[in-house]
Structure formats: structure tokens, C-alpha cells
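Protein chains in written order, with my numbering: chain R, 1 to 585; chain B, 586 to 841.
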């Protein structure tokens, strides 16, 4: 029997960028807020001296302990799914205070105006026939103009260092910090792409180009370019993360409490309203009920979907009938496709590859959805192109030109020679929702508490393969222009399929946003259509995955949602937006 | 003597105490099912080691962190040594896997939480086709034992000799069979065992030396990798390659 605790105004599940941002905004307003985090507490103290590639990059120290809970994966509706067993295959999501926001790179992009109205704009430009039959292409129920102020707000909170993308809409004001330094590899990419007529610019970064104090009074230090960002907590407090920013702001208020080791197992509800959550203290095994007026679900995509399905909130998605919403439109930047790299090897050039920062790079938008004419192409959406200098660490940096043996004498010789003589170009494309790519509860496998695991059903489509093949050719042309002597272009066969290496760190969907409750789970305040005092935040609300990184959009929508929560708590309740029944998917 | 458990204590007669103690503690000296050949093999091996390493012991410091934690059988460990050395051989660039301490690195890894898949989801049923190191019902420790013994089995069949005694070319031939997935194994495909062996070898060559590999940071020196450097702010824009002496976590982390 769960012990019932005193009621609070708001209970938040998850302390990453989504939950943490809501925690700061609601705490500032004076509400009693409890934030429940399943993982342990940690901070800069734990990250000092953590330059350990084996522990963090190979053994994935900061990622979820899969012995307690994981996902299952399958391709076909009639197939038995198998568990994703190890973080070594690919690391799916973070845990602990600050969530994945602690061990991210800090690469910042706004999404494009077309993204938010993708269905309408695609039909307007090309006609409805260009949309494949099995694709669930949907508008988001929000426009770029509506979301822009929230992008601005999140960018100020995290101290973005960067410059205006020449091909994207003009920002209402410049980023709060100037761009990061430029390395010779970035200059080389810039020179080559400019000569090819493209529009390269400094990638915007949540690593600080200088020490910065954000509007909440939180300080983030200047980046030391020490090359340990992705999969690491920052040694110097120089990468914006939820601990240094939004959670620090929330913690300055006595009405806020962050409770660690609190594993939420159910959202409790009666008569169509949430009454709180039930959680397990994983250090004692005891169960608690935390009553609240408002429940904010701000975990990672997988947590949000699973918690709603386990709690029987919202109508589960049915891929056969294409009805229902929870679990709909799972998308990811496929780790075994979208995130493959085209790599150039330089026989006569040597670069300081060991130095870098998570968001240090040059990028360009000449092939984004708005720049491309899809009439003659065999795919929708578009892609970004970038050359980064994240800092190459020695266990993972053993690249050799195609045709070289992968072990033995020649491998050793060449992998040593090319350690500081290789550069990759990354492309990242938009990934669109398909009818049979979705999430539900697994009928076979259970977590440590005996609850069903979340099941991923997904396939890779021709759309996905075609856009990457096209993009890789563009990347190859750039590397040729940069003077690479050998170029590895990954082979993408028609057989390349979704498997346990596919899910990327940018996984979206399942509790998606829109203006029509028949095909969306939340409105543009992230408020559940089916339960007005539940707000579901994070990339789970994205109806598709754009070509750029998702965190800026997660943060922006969390600010908008927080505004909605305050309006909801101050007002008489009810839905903040009336649903439109007629809009098509 | 009966209560003396210090096996390193020299006795007055100057008899090798290790040998005497071994006999006494295991009780094998009394004879029985263990059999003479096993016992004989161990004793020969021990005295042989002593003779071989006599020079080393007197002239250089022992590395007390180099003993087998995980591998109980010496014969498995020598296969591991030879296999990792073929994957990452000594050459003009510098030491190979053995010289870098890679086999002891792998032994230590398998003795810890990674070797028993402590952070992995381990509930069945397990996938029955094409298991990798990450989907197999075997732990990583199991996989190494099964894989190394399989290498010896293939070696005996093909060349009538254990793997560690083969010529380099013969060892490469067997490793190639494994990497191509041509060897039938239980619980994991041979190419996936090879993938694990390869990735773990590179981890041992290039991880921080505190883990037992990358001895004296020789792996990093070959790679011109500076290790744990606090800041590159002053040189990140540098156009020429900047070579630095590496720094390990031993010298980077805070100490009292």
C-alpha cells in the first residue's frame, strides 16, 4: 500500500530540459512543486576529472541502467519483439538529475517555419499526391511566429553562442553570446562550401564562448575546448545543462523540491482528472503516492509514452485502423542511417583532432526542406550538413580508408597514421512519421517492478534511405573540394533495416502535438486533450523529426507549456485551446 | 608451518615456498582424482616461470596489478595474449597488445561489472538467431572463455597444435575464420565474438592506463593523443599540428 504524502500544487516527472524548465517557471511563480527524478543526484563535483573515454563513451556510465528497464524492438506488426539489452549497442537515454541534458553536446538549431505546418505547406507547394500513402504527415497546431519568442527565451537561459543562419528567418535579436572559436578544419569546410556557392555559418552552441550570466542569474563558465562533452558532464560548468540553469533557479525557492531515486510507475486519475502520481523510492523499495493539482510528464520520449500507456490515459494508437494517439508517429535520427558519416582522409594535412567542444563546428542549410525543390527528388524534407570538431578520443578514432583491413599490422599502421588526418562530414535529415512506426506496451517482457516494457515497432522506408544516399553524395563533393585523398561513403543497401542499433539520441513522437484530438495527444501548450490537468513535455510531442537537433525546440515548447500551466492554475481550468475537429492528417 | 598462510615467506632450506604451499593448500599432493598430469603440468610451469623470470625479478619492479583476476586457466590467457597481439601487433610504431598490457586489461574488465553484464537487461527469452555479444544469453565473461577455447579447438583441428604455439600466419588464418563468422560456436556467432575481442583490444590499447592497458601511455604516444588536458583554449585555432606529452588521469585528477 503506497504511503500518501501531502498534496502539492504541481508534481513533475523528470528533471531534464523539459521537466526542469517547467520546475523553474512554476517555482518562480510560488507554486509548491515536487520534481521526481528516478536517477541519482549529481553535479559538477562529479564531473571534475571525468575525462575517461572507457567509462563514459564506451561503458556509457551516464545512461540508463537497462537491468531495471529497457525497450523491446521489432519491425513487423506480427513479429515478437526482442529487448534492447545493452547500452553498448546504442545508448538510448539518460538518467539522473538533469537527464540527457547533462551529457549532450549542446548543438543548437531552431526548427524551420515549414516544420510546424509541414502538411499544409507540402500540399500547397506540391499537391497531396506527393505524400506517400503510409506517411502520417501532420501540422503541429502552432506556427514559427508563435514559437519564436520561446526559442528566444530558451536561448537566453542557456546562453547560446552563435550567429544568424543566413538561410533561416531573421531572429528577433542576436544570440546572447558570440560564436565559438574557429579551428582550421572549420575554416577549411567554410572555404570549400563558400566556393561551391553554399552558405556555411558557425553552428550555434550551448558551450559558452565566454562566461555568461543568464536572465535568472545563473552563471555558466567559458568553454575550455577540452573535448569531453557528449556522454560527459562538463568538467568546468561551461556547457549549459539543467543542473546549472533551470534546476539551480528552481532550487533557490523553498517551494521547490527535487526528489531523487523516485521512480514514477503510474499517473493516478479519477473521473477524467489526474490526482497525482505513484512512485517507488528505489533506495528503500517503498511506494508513495504524491497527490497534486497538476501533473507534468517531462521525461524522455520513452518514459512519457510508457507512463501514459501504463496509466491508461489517452487512447492508445492502433496502426491497423490508424486511429488513437498515444504511441503515434515514432521518429528518430536513425543511428544506423541518419547518423552515418562520410569521412575524408588527408595524406598531407594534419589536424589537432584531439581538441574540441561538443558544439564546435560549421554547418549549412542549403539542403533544408525550404531550400530543396522536391519535384524532382525521391524524398521529402531535407538535411543539414556540418563539419564538427568535437575532439576525437583514441578508442573511437581508429578510422581507415575503405579497403584497409580492420585489424592486424596494416590496420595498426594506417589507423595511427590517419588519427589526426581524418575529418567527417555529418548530414542529418528530417525523419517523417509512418503509420506502422509506433510505440505500445510489450506483451512479453517486464521491468524490475513487473510492468510491461515499452515496445518499438518500426521500419526504415525508401524515403529514409533515399534522402541519406542523396545527402552523402553532397557530403562527398564537399570533401573532394576540401582536398581529401580518400573518402569513405557508407553503402546504404535496400536491405538496411531498423534494428537494435537504430534508435538515436533524438527520438521523438508518441504524444504528439496538434489541433485535432483525433490525431494528436496534446495541444500547443502540451496539455493533454483527454486529461486537462496533465501536461506532457519533451520531444514526445513532435509529430515528426526535423533535420536539426531537437533540444532547442524541447526547451522552447517547455517555456510555452509553462505559460499554459500558469494560466491553467490561475484560471478556472479547462482546455487552454479548443480542439479543431476538422483538420486532416 | 601448519598455521603459516604466507606463501611468499622463504623457508630456511631455500625451497621454493610457492611450490610447497601449493601442494599443501590444495591437498593435491595427497594424490587422488586430480591426476598426475595436471599436477605435473602446474609444477613444471611454475618452476619454468621462475627460471624464465629470474632476471626480470631481480632487475625490475614487479607490477603487482598484473595477475589473473578473471581467467582461471593459464591456457586460456595465453590464447588471449596471442590473439590480441595479432590484432594489434608490435611494430616500428611501438608496442603491441601484450606490451601495452591489453590481456591484463581485458582480464580486469571481465572480472568487473561489465564482464557480468550488470547494467544490461538480462531477462529471457533470449533471441535464438545470430546472437551478438549484446543479445546473447551468455555474459561477456562466458563469451571470452568459450571463444578462446574454440580458438584452441580450431587450432588443434587445423594445425594439430594450440593457438599460442602457431606461426603468426596460422594464427591470422584462424582469426580470419572467426571474423568471417565461419566458425560454429554455441551462444554467439564467431564474428560477433571476434568483434568483441577486437573492440576490447582497442579499448585496452587506448584507455587511461589506470585500467591496466595503454602501459606507460605508450598507446597514446603512438597516437599522438595528449590524454586528459584541462584546456585547449590557447591552441584550438592553431594551424599546425601541436604535439604534446600525454597526461593520464593519475596526474589530472585531484589528490589529497
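The beta-carbon is built from N, C-alpha and C at its ideal position, and this holds for glycine as well.
{"query": "Sequence-distant residues of the same chain with beta carbon closer than 6 Å to residue 106 of chain R, five excluded per side", "result": "205, 206, 207, 239, 358 and 359"}
{"query": "Residues of its chain near residue 221 of chain R, where Cβ-Cβ distance is below 6 Å and the 5 sequence neighbours each way are ignored", "result": "211, 236, 237 and 238"}
{"query": "Range of the contiguous beta strand (DSSP E) that encloses residue 258 of chain R", "result": "256-259"}
{"query": "For residue 489 of chain R, the three-state DSSP class (helix, strand or coil)", "result": "coil"}
{"query": "C-alpha gap between residue 587 of chain B and residue 794 of chain B, whole angstroms", "result": "Confidence at residue 587 of chain B is low in this model, with a pLDDT of 38, below 50, so the placement of that residue should be treated as unreliable; the coordinate-derived value is given next. Answer to the nearest angstrom: the Cα atoms are 41 Å apart."}
{"query": "Run of the beta strand (DSSP E) containing residue 746 of chain B, from where it starts to where it stops", "result": "Counting along the chain, residue 746 of chain B falls outside any beta strand (DSSP E), and DSSP gives it neither H nor E."}
{"query": "Exposure label - residue 670 of chain B; buried when at least 16 CB within 10 Å", "result": "buried"}
{"query": "Test item: CB-CB of residue 396 of chain R and residue 331 of chain R under 8 Å", "result": "no"}
{"query": "Pair within 8 Å by beta-carbon distance, residue 798 of chain B and residue 685 of chain B", "result": "yes"}
{"query": "Per-residue burial, residue 83 of chain R [other beta carbons within 10 Å of its own, 16 or more giving buried]", "result": "buried"}
{"query": "7 Å Cβ cut-off: residues of chain R touching residue 842 of chain B", "result": "Nothing about residue 842 of chain B can be read from this structure; chain B reaches only from 586 to 841."}
{"query": "Proximity test, Cβ basis, 8 Å: residue 402 of chain R and chain B", "result": "no"}
{"query": "Where the alpha helix (DSSP H) containing residue 276 of chain R begins and where it ends", "result": "First-last for residue 276 of chain R: 273-281, but that is the beta strand (DSSP E), not the alpha helix (DSSP H)."}
{"query": "Chain B residues whose Cβ lies nearer than 8 Å to that of residue 3 of chain R", "result": "Simply none; closest approach about 29 Å."}
{"query": "Assigned exposure category for residue 611 of chain B - 16 Cβ within 10 Å defines buried", "result": "Because the pLDDT of residue 611 of chain B is 39, which lies under 50, any placement of that residue in the model is unreliable, and the question is left without a value."}
{"query": "Alpha-carbon to alpha-carbon, residue 788 of chain B and residue 52 of chain R", "result": "11 Å"}
{"query": "C-alpha gap between residue 348 of chain R and residue 421 of chain R, whole angstroms", "result": "8 Å"}
{"query": "Cutoff 8 Å: residue 138 of chain R Cβ touching any chain B Cβ", "result": "no"}
{"query": "Residue 620 of chain B classed as buried or exposed, judged by whether at least 16 other C-beta atoms fall within 10 angstroms", "result": "Caution applies to residue 620 of chain B, whose pLDDT of 40 falls short of 50 and renders its modelled position unreliable; the model cannot decide the point."}
{"query": "8 Å Cβ cutoff met for residue 524 of chain R and residue 12 of chain R", "result": "no"}
{"query": "Local Cβ density within 10 Å of residue 290 of chain R, reported as buried at 16 or more and exposed below that", "result": "buried"}
{"query": "Secondary structure of residue 269 of chain R, DSSP reduced to three states", "result": "strand"}
{"query": "Contact with chain R by residue 824 of chain B, beta-carbon distance below 8 Å", "result": "yes"}
{"query": "DSSP state of residue 163 of chain R mapped onto helix, strand, coil", "result": "coil"}
{"query": "Where residue 513 of chain R sits in the DSSP three-state scheme", "result": "strand"}
{"query": "Residue-chain proximity (residue 226 of chain R, chain B), Cβ-Cβ < 8 Å", "result": "yes"}
{"query": "Coil, strand or helix - residue 341 of chain R by DSSP", "result": "strand"}
{"query": "Partners in chain R for residue 820 of chain B, counting only beta-carbon separations shorter than 8 Å", "result": "352 and 355"}
{"query": "Cβ-based neighbour list, residue 507 of chain R, same chain, cut-off 6 Å, excluding 5 preceding and 5 following", "result": "301 and 332"}
{"query": "From R:96, R:355, R:390 and R:485, residue whose alpha carbon lies closest to that of residue 813 of chain B", "result": "R:355"}
{"query": "Contacts of residue 52 of chain R in chain B (Cβ-Cβ under 7 Å)", "result": "793 and 834"}
{"query": "Interface residues of chain R facing residue 576 of chain B [CB-CB closer than 8 Å]", "result": "Absent from the structure is residue 576 of chain B, since the part of chain B shown begins at 586 and ends at 841."}
{"query": "Element boundaries [alpha helix (DSSP H), containing residue 149 of chain R]", "result": "144-158"}
{"query": "Residue 156 of chain R to residue 537 of chain R span [Cα, whole Å]", "result": "20 Å"}
{"query": "Backbone CA spacing between residue 381 of chain R and residue 471 of chain R [nearest angstrom]", "result": "12 Å"}
{"query": "CB of residue 655 of chain B within 8 Å of CB of residue 700 of chain B, strictly", "result": "yes"}
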